[in-house]
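Asks:
Number of protein chains: 2
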Amino acid sequence: MEAVTAFAPATVSNVACGFDVLGFALHEPGDEVTAHWNDAGCVRIDAIANDEGRLPRDAAKNTAGVAAIALLRRLGERRGVTLSIRKGLPLSSGLGGSAASAVAAVVAVDGLTRAGQSLDTLLACAFEGERDGAGSAHADNIAPSLYGGFVLVRRADPVDIVRLPVPASLTAVVVHPELEIETAKARALLGDTVALHDAIRQWANLGAFVDALHRGDLALLSRSLEDRIAEPRRAALVPGFAAIKRAAADAGALGASLSGSGPSMFALCDGDAAADRVAAAMTEAVRTHIGGIPQTYVSPIAQVGARVVVGGVGGVGGLKASSGSTPHV
Amino acid sequence: MEAVTAFAPATVSNVACGFDVLGFALHEPGDEVTAHWNDAGCVRIDAIANDEGRLPRDAAKNTAGVAAIALLRRLGERRGVTLSIRKGLPLSSGLGGSAASAVAAVVAVDGLTRAGQSLDTLLACAFEGERDGAGSAHADNIAPSLYGGFVLVRRADPVDIVRLPVPASLTAVVVHPELEIETAKARALLGDTVALHDAIRQWANLGAFVDALHRGDLALLSRSLEDRIAEPRRAALVPGFAAIKRAAADAGALGASLSGSGPSMFALCDGDAAADRVAAAMTEAVRTHIGGIPQTYVSPIAQVGARVVVGGVGGVGGLKASSGSTPHV
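Protein sequences appear in the order of chains S and A.
Under numbering that gives the first Met the number 0, think of the first position of the first sequence as 0, with each following residue one higher.
Under numbering that gives the first Met the number 0, think of the first position of the second sequence as 0, with each following residue one higher.
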């Protein structure tokens, strides 16, 4: 039976200074979606692994399902497709799990149909999938999961994406504590308005951050990793957040903040050795302040995003699978 | 009598997407300040040309005077300095007039004292001058007037400045209508808060704009020249603003908006020919909607900012005077 499996990586969105518009991709973890033809003439989901039964099996209510439907409709494809989803990402972790499933689904279906659609088209379909399947869409997770690297979303709809350069030594640390935060609840904390002086500081930092990526100026990048918008309002959702962030800074991180709406936290570091030290310090601080068993990842910024890993005729844009992340405990 | 004269250029701040943090320098017009020693042991202003008698002659209340005092105090200089100011910039035009006077003053005094202070030190003194002399300071005018080029002010105090690259073909048009807007009044229109979705759009645009400068991507630059913060609230201060902006777009501008708090308007264009067309169209639209005699300038982005033009031992940072603007009527 013809089948295509695609992998889409976890992503860190917001990145302190880029609330709702900036994200980057990790090598791992990620979600896998396998697509094969069915005779039912519609999109079905036959299995979801590692979700503890919590995600909807109804394709019309599942981000991967809706994204696949959006792409098939755009292609005028009348054949049905069955999806199998393997969650590598913990649910509600702030690492772009629903985005990764939507992205993996469109890449798998694109491979199965041999449609070879542009990344922008796949992005639009994945965006539709997350918006209608999960209730809200985060292009700052979808875009880096699909494209890899650092991505700035100038506009989500219609899509206007800016792929930013990645300094070679930049390494990410992500710690996921045993804690769940609902995106909707984290969103509600933000309110509808922000102080003008905070907004000004935020765009000054984002502008400087983009410049720092272009120049590889990690000192400027470090100064720019400041969140005046989301972090002050959401930090209370993570017990000991200030101490965990301080542990990252003391261990040499360029900066640290919440990943997306949390509870995962990320740090950016200059090189592997610094990242290992920061990972150890953050993990220890999470154990102290939150308890449980945190999951910690150390990964360079993944230059390659989603791709076909089994089957298909070559993957998205000719990109091949890459690896390099170091999963820690 | 030993005397040093410095020139500091007009600047366009805000630049649509960078409210309060982004600005660029024109070649002309600008203000000139001449500094010479006096025996009074304090800073005096003996003449101001072209201000119609409206600027304070009391050095402690004049931006140039306060800036000069700040620098002399920092140098531990006990001798007195007399300043003569020649305004090349129209008052309250939105072209950074008080910033230009403060910048020209510190550069002239730096030349007279042969102190050779860093640009960052001169910036801090000029900032103090405008803040205490004019009541509010606009580092996004001061910094590009001093440094030249496009400057992003990540933080004003303590100063953290990012000098951005300037695409070679980028040309600015500035039209100053016969109309005055008080900065304080324009500021009051902004209020203290902004809608979160507008703020998000603003920093997405500024991030994209910085990327566009680095890549020389004028299409992206054009899409990013959008102001969700100040322009919607201030446009009503300029009769016919929407029509003038549309005239710029129709004539081929990459984008147009208010310069600072107005009433001057700027456009950015790809090349001299486009700029000349845009200048003619905007000038005509200003005549139609506002009347009077507008002043129109076409200028590449000035890579060189303030500098000693008469006397001294070499100018700021070894920079020499340059020219290239084309004043139009």
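In this text, a Cβ means the ideal position worked out from N, Cα and C, and glycines have one as well.
Report the residues of the segment 156-181 of chain A with a CB closer than 7 Å to any CB of chain S, ordered along the chain.
Replies: Asp159, Val161 and Leu163
Asks: Is the CB of Gln201/S under 8 Å away from at least one CB in chain A?
Replies: Locating residue 201/S in the first sequence gives position 202, counting from the first residue. So yes, Gln201/S belongs to the interface.
Asks: For a contact meaning CB atoms closer than 9 Å, what does Gly17/A contact in chain S?
Replies: As a position in the second sequence, residue 17/A is number 18, starting the count at 1. Per Cβ cutoff of 9 Å: Trp202, Ala203 and Gly206.
Asks: Given this structure, state the Cα-to-Cα distance separating Leu90/A from Ala194/S, to the nearest angstrom.
Replies: For the purposes of this step, residue 90/A is taken as the residue at position 91 of the second sequence. For the purposes of this step, residue 194/S is taken as the residue at position 195 of the first sequence. Whole-angstrom Cα-Cα distance: 30 Å.
Asks: For Ser358/A, does the count of other Cβ atoms within 10 angstroms reach 16, so buried, or fall short, so exposed?
Replies: The structure shown does not extend to residue 358/A, since chain A is modelled only from 0 to 328, so the question has no answer here.
Asks: Along the segment 133-152 of chain S, what residues have a CB closer than 8 Å to any CB found in chain A?
Replies: Leu151 and Val152
Asks: Note down the Cα distance separating Leu318/S from Ile44/S, rounded to an integer number of angstroms.
Replies: What you label residue 318/S is simply residue 319 of the first sequence in a count that begins at 1. What you label residue 44/S is simply residue 45 of the first sequence in a count that begins at 1. At Leu318/S the pLDDT is 38, less than 50, meaning the model places this residue with poor confidence; the figure from the coordinates comes in the next sentence. Taking the straight line from one Cα to the other gives about 27 Å.
Asks: Which residues, in order along the segment 219-240 of chain A, keep a beta-carbon less than 8 Å from a beta-carbon of chain S?
Replies: Leu219, Arg222, Ser223 and Ile228
Asks: So, is Ala183/A buried or exposed, given that buried needs 16 or more other C-beta atoms within 10 angstroms?
Replies: For the purposes of this step, residue 183/A is taken as the residue at position 184 of the second sequence. Classification for Ala183/A: exposed.
Asks: Can you find at least 3 beta carbon pairs, one from the segment 19-26 of chain S and one from the segment 126-142 of chain S, that sit closer than 8 Å?
Replies: Touching, yes, given that three or more Cβ pairs across the two stretches are closer than 8 Å.
Asks: Of the choices Ala39/S, Thr4/S and Ser12/S, whose alpha-carbon is the least far from that of Ile300/S?
Replies: The sequence position of residue 300/S within the first sequence is 301, counting from 1. Of Ala39/S, Thr4/S and Ser12/S, the residue nearest in Cα terms is Ser12/S.
Asks: Within 10 angstroms of the Cβ of Asp57/S, are there 16 or more other Cβ atoms? Answer buried if so, exposed if not.
Replies: As a first step, residue 57/S must be located in the first sequence, where it is residue number 58. Residue burial is scored here from C-beta neighbours: Asp57/S has fewer than 16 other C-beta atoms within 10 angstroms and is therefore classed as exposed.
Asks: Taking its Cβ as the centre, do 16 or more other Cβ atoms sit within 10 Å of His26/A, making it buried, or is it exposed?
Replies: As a first step, residue 26/A must be located in the second sequence, where it is residue number 27. The residue is buried, with at least 16 neighbouring Cβ atoms inside 10 Å.
Asks: Where does the unbroken beta strand (DSSP E) through Gln294/A begin, and where does it stop?
Replies: Working through the second sequence from its first residue, we reach residue 294/A at position 295. Unbroken beta strand (DSSP E) run through Gln294/A: Gln294 to Pro299.
Asks: With H, G and I counted as helix, E and B as strand and the rest as coil, what does DSSP make of Asp30/A?
Replies: Stepping through the second sequence from its first residue, residue 30/A is reached at position 31. Three-state DSSP puts Asp30/A in a strand.
Asks: Between the beta-carbon of His175/A and the beta-carbon of Pro238/A, is there less than 8 Å?
Replies: By one-based count along the second sequence, residue 175/A stands at place 176. By one-based count along the second sequence, residue 238/A stands at place 239. No.
Asks: Mind checking Ser260/A: buried by the 16 CB within 10 Å criterion, or exposed?
Replies: Walking along the second sequence from the start, residue 260/A turns up at place 261. It counts as buried.
Asks: Can you tell me whether DSSP reads Gly64/S as helix, strand or coil?
Replies: Mapped onto the first sequence, residue 64/S falls at position 65. Three-state result, Gly64/S: helix.
Asks: When you compare each of Glu1/A, Pro8/A and Phe23/A to Val152/A by their alpha carbons, which one comes out closest?
Replies: The count along the second sequence starts at 1 and reaches residue 152/A at position 153. The shortest Cα separation from Val152/A among Glu1/A, Pro8/A and Phe23/A belongs to Phe23/A.
Asks: Between which two residues does the alpha helix (DSSP H) harbouring Gly190/S extend?
Replies: Working through the first sequence from its first residue, we reach residue 190/S at position 191. Element bounds for Gly190/S: n/a, residue is neither H nor E.
Asks: Can you give me the C-alpha to C-alpha distance between Glu129/S and Leu94/S, rounded to a whole angstrom?
Replies: Stepping through the first sequence from its first residue, residue 129/S is reached at position 130. Stepping through the first sequence from its first residue, residue 94/S is reached at position 95. Taking the straight line from one Cα to the other gives about 14 Å.
Asks: Quick check: what's the CA-CA separation for Gly290/A versus Leu178/A?
Replies: Here residue 290/A refers to the residue found at position 291 of the second sequence. Here residue 178/A refers to the residue found at position 179 of the second sequence. Each residue's alpha carbon lies about 9 Å from the other.
Asks: Please report the distance separating the alpha-carbon of Ala171/S from that of Thr33/A.
Replies: Translated into positions along the first sequence, residue 171/S becomes position 172. Translated into positions along the second sequence, residue 33/A becomes position 34. Computed Cα separation, rounded: 53 Å.
Asks: For Glu1/A, count neighbouring Cβ atoms within 10 angstroms of its own Cβ and tell me buried if that reaches 16, exposed if not.
Replies: The sequence position of residue 1/A within the second sequence is 2, counting from 1. Answer is exposed; the Cβ neighbour count stays below 16.
Asks: Quick check on this structure: which residue in Ser223/S, Phe208/S, Val209/S and Ala234/S has the alpha carbon closest to the alpha carbon of Leu189/S?
Replies: Start at 1 with the first residue of the first sequence, and residue 189/S comes out as number 190. Comparing Cα positions, the closest option is Ala234/S.
Asks: Just mark Arg306/S as buried or exposed, buried being the case when its beta carbon has 16 or more other beta carbons within 10 Å.
Replies: As a working note, residue 306/S is residue 307 in the first sequence. Arg306/S should be labelled buried.
Asks: Please compile the residues from chain A whose C-beta is within a distance smaller than 9 Å of the C-beta of Leu189/S.
Replies: One-based indexing of the first sequence puts residue 189/S at position 190. Going along chain A in sequence order, the residues near Leu189/S (Cβ under 9 Å) are Leu195.
Asks: Look at the Cβ atom of Asn37/S, then the Cβ atom of Thr81/S, and state whether they are nearer than 8 Å.
Replies: Within the first sequence, numbered from 1, the residue matching residue 37/S stands at position 38. Within the first sequence, numbered from 1, the residue matching residue 81/S stands at position 82. Yes, Cβ-Cβ distance for Asn37/S and Thr81/S is below 8 Å.
Asks: How would you label Asp210/S, buried or exposed, when you count the other beta carbons within 10 angstroms and need 16 or more for buried?
Replies: By one-based count along the first sequence, residue 210/S stands at place 211. Classification of Asp210/S: buried, given that the 10 Å Cβ count is 16 or more.
Asks: Between which two residues does the alpha helix (DSSP H) containing Pro8/S stretch?
Replies: Here the question's residue 8/S lines up with position 9 in the first sequence. No alpha helix (DSSP H) contains Pro8/S, which is instead part of the beta strand (DSSP E) from Ala2 to Ser12.
Asks: Expressed to the nearest angstrom, what Euclidean distance is found between the alpha-carbon atoms of Tyr296/S and Phe240/S?
Replies: In the first sequence, residue 296/S corresponds to position 297, counting from 1. In the first sequence, residue 240/S corresponds to position 241, counting from 1. Looking at the two C-alpha atoms, the distance is approximately 18 Å.
Asks: At what residues does the beta strand (DSSP E) containing His288/S begin and finish?
Replies: Taking the first residue of the first sequence as position 1, residue 288/S is located at position 289. Not the beta strand (DSSP E): His288/S falls in the alpha helix (DSSP H), residues Asp271 to His288.
Asks: Identify every residue that forms a DSSP beta bridge with Thr81/S.
Replies: Position 82 of the first sequence, counted from the first residue, corresponds to residue 81/S. The partner list for Thr81/S (beta bridge, DSSP) reads His35/S and Arg43/S.
Asks: Can you pull the chain S neighbours of Val20/A, defined as C-beta to C-beta under 7 Å?
Replies: Within the second sequence, numbered from 1, the residue matching residue 20/A stands at position 21. Chain S residues near Val20/A: Ile199, Trp202, Ala203 and Gly206.
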